[in-house]
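Undergrad:
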Amino acid sequence: NAGVTQTPKFRVLKTGQSMTLLCAQDMNHEYMYWYRQDPGMGLRLIHYSVGEGTTAKGEVPDGYNVSRLKKQNFLLGLESAAPSQTSVYFCASSYAGQGRYGYTFGSGTRLTVV
Amino acid sequence: KQEVTQIPAALSVPEGENLVLNCSFTDSAIYNLQWFRQDPGKGLTSLLLIQSSQREQTSGRLNASLDKSSGRSTLYIAASQPGDSATYLCAVWYGSARQLTFGSGTQLTVLP
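Protein chains in written order, with my numbering: chain R, 116 to 229; chain W, 47 to 158.
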């Protein structure tokens, strides 16, 4: 099925550990996004990409890095995990900017930092 | 600050009832507004996308309206069913922004 696939689905990290979340889309979308969702705060944009080889900061970029080496993949890295990064992470993609044709979301990664 | 607000945070209705979910936004200069559905432990599913030039969009039992002048959108669900139980999120692309701004959602429970 076409869509956005996120791996892993669940992860528990110790404070200070690092990890990479992978997002893959097979819809040939140019734009990709990483969000985090926290109770009572809605979704907040971490980083985004407007095409292969490009990345840009969103609303809450601190503590995260991203890479878009291939058009279909968007990686989110945590260099030194902190308990404040406990959250559900969602990847999304869109055909064009400004949400003109809507967004497709992945099913999420639930990350717990202890 | 450009914000999106959804009230109430939670809503419980009996099956078969028609209902309206509300979304308000702080700036009328928007590109579009989207309604999403999120089931527990799942990702977001796009329901309806309304461009700034449109007044409403319909899909099956769902109808979304947009009133930019008042900064409001409503999602109307006709003849609600228990399967409609989920969290409904509203998101706005403001004209001056580079991202969608999400509301915190309304958690809907439809009782059998």
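Idealized CB from N, CA, C, for every residue including glycine.
How should W/Arg107 be labelled, buried or exposed, when 16 other C-beta atoms within 10 angstroms of its C-beta is the threshold for buried?
TA: Indexing the second sequence from 1 puts residue 107 of chain W at position 61. It counts as exposed.
Undergrad: Going by DSSP, what residue range makes up the beta strand (DSSP E) through R/Gly157?
TA: Residue mapping note: residue 157 of chain R aligns to position 42 of the first sequence, counting from 1. Counting along the chain, the beta strand (DSSP E) containing R/Gly157 begins and ends at 157–164.
Undergrad: Three or more C-beta pairs closer than 8 Å, one from the region 50–59 of chain W and one from the region 213–225 of chain R: is that the case here?
TA: Judged by Cβ distances under 8 Å, the region 50–59 of chain W makes no contact with the region 213–225 of chain R, as fewer than three pairs qualify.
Undergrad: With a threshold of 8 Å between beta carbons, is R/Gly178 in contact with chain W?
TA: Counting from 1 along the first sequence, the entry for residue 178 of chain R is found at position 63. Chain W contact via Cβ: absent.
Undergrad: Buried or exposed for R/Gln200, please, with buried defined as at least 16 other CB atoms from any protein chain shown within 10 angstroms of its CB.
TA: To locate residue 200 of chain R, count along the first sequence from 1; it is residue 85. R/Gln200 should be labelled buried.
Undergrad: Mind listing the chain R neighbours of W/Phe71? Cutoff is C-beta to C-beta under 8 Å, in chain order.
TA: As a working note, residue 71 of chain W is residue 25 in the second sequence. By Cβ distance, chain R contributes nothing, its closest Cβ being about 13 Å from W/Phe71, past 8 Å.
Undergrad: For R/Tyr150, report the span of its beta strand (DSSP E) as first-last.
TA: Here residue 150 of chain R corresponds to residue number 35 of the first sequence, with the count starting at 1. Looking at the DSSP string, the run of the beta strand (DSSP E) that includes R/Tyr150 is 146–153.
Undergrad: Under a CB-based cut-off of 8 Å, is R/Arg183 close to chain W?
TA: Within the first sequence, the letter at position 68 stands for residue 183 of chain R. No - not a single Cβ of chain W is within 8 Å of the one on R/Arg183.
Undergrad: Which chain W residues are close to R/Arg69, counting only those with a beta carbon under 7 Å from its beta carbon?
TA: The structure shown does not extend to residue 69 of chain R, since chain R is modelled only from 116 to 229, so the question has no answer here.
Undergrad: So, is the C-beta of W/Trp81 closer than 8 Å to a C-beta in chain R?
TA: Along the second sequence, one-based indexing puts residue 81 of chain W at 35. By this cut-off, W/Trp81 is not an interface position.
Undergrad: Which one of R/Tyr218, R/Arg215, R/Glu194, R/Tyr216 has the shortest CA to CA distance from R/Gly131?
TA: Translated into the one-based positions of the first sequence, residue 131 of chain R becomes position 16. Nearest option by C-alpha distance: R/Glu194.
Undergrad: With 8 Å as the C-beta to C-beta threshold (strictly closer), list the residues of the region 200–215 of chain R near chain W in chain order.
TA: Hits within the stretch, in order: Phe205, Ala207, Gln213, Gly214, Arg215.
Undergrad: Helix or strand or just coil, what does DSSP make of R/Ser199?
TA: Stepping through the first sequence from its first residue, residue 199 of chain R is reached at position 84. In this structure, R/Ser199 counts as helix in the three-state DSSP scheme.
Undergrad: Tell me the rounded alpha-carbon separation between W/Asn64 and W/Asp130.
TA: One-based indexing of the second sequence puts residue 64 of chain W at position 18. One-based indexing of the second sequence puts residue 130 of chain W at position 84. Roughly 12 Å separates the two Cα atoms.
Undergrad: Would you check if the distance between the CB atom of W/Gly141 and the CB atom of W/Ile76 is smaller than 8 Å?
TA: In the second sequence, counting from the first residue as 1, residue 141 of chain W sits at position 95. In the second sequence, counting from the first residue as 1, residue 76 of chain W sits at position 30. Taking 8 Å as the Cβ cut-off, W/Gly141 and W/Ile76 qualify as a contacting pair.
Undergrad: Measure the C-alpha to C-alpha separation of W/Lys47 and W/Leu146 and round it to an integer number of angstroms.
TA: Here the question's residue 47 of chain W lines up with position 1 in the second sequence. Here the question's residue 146 of chain W lines up with position 100 in the second sequence. In a straight line, the C-alpha of W/Lys47 is about 14 Å away from that of W/Leu146.
Undergrad: Can you check which of these residues, W/Ala132, W/Gly117, W/Ile123, is closest to W/Asp85 by C-alpha distance?
TA: For this step, residue 85 of chain W is matched to residue 39 along the second sequence. When only C-alpha atoms are compared, the closest one is W/Ala132.
Undergrad: Nearest-angstrom Cα distance between R/Val181 and R/Tyr204?
TA: Against the first sequence, residue 181 of chain R aligns to sequence position 66. Against the first sequence, residue 204 of chain R aligns to sequence position 89. Distance between the alpha carbons of R/Val181 and R/Tyr204: 13 Å.
Undergrad: Is the distance from the Cβ of R/Gln152 to the Cβ of R/Leu136 below 8 Å?
TA: Along the first sequence, one-based indexing puts residue 152 of chain R at 37. Along the first sequence, one-based indexing puts residue 136 of chain R at 21. The answer is no: Cβ separation not under 8 Å.
Undergrad: DSSP on R/Pro176, reduced to helix/strand/coil?
TA: The count along the first sequence starts at 1 and reaches residue 176 of chain R at position 61. Looking at R/Pro176 - three-state DSSP - the assignment turns out to be coil, as it is neither helix nor strand.
Undergrad: Assuming contact is defined by CB atoms lying nearer than 8 Å, are W/Val138 and W/Phe71 in contact in what I supplied?
TA: Position 92 of the second sequence, counting from 1, holds the residue named residue 138 of chain W. Position 25 of the second sequence, counting from 1, holds the residue named residue 71 of chain W. Yes.
Undergrad: Just to confirm, is the Cβ distance from R/Gly178 to R/Tyr163 under 8 Å?
TA: As a position in the first sequence, residue 178 of chain R is number 63, starting the count at 1. As a position in the first sequence, residue 163 of chain R is number 48, starting the count at 1. Cβ atoms of R/Gly178 and R/Tyr163: not closer than 8 Å.
Undergrad: Interface residues of chain W around R/Glu174 at Cβ under 8 Å?
TA: One-based indexing of the first sequence puts residue 174 of chain R at position 59. Within 8 Å Cβ-Cβ: Gln145.
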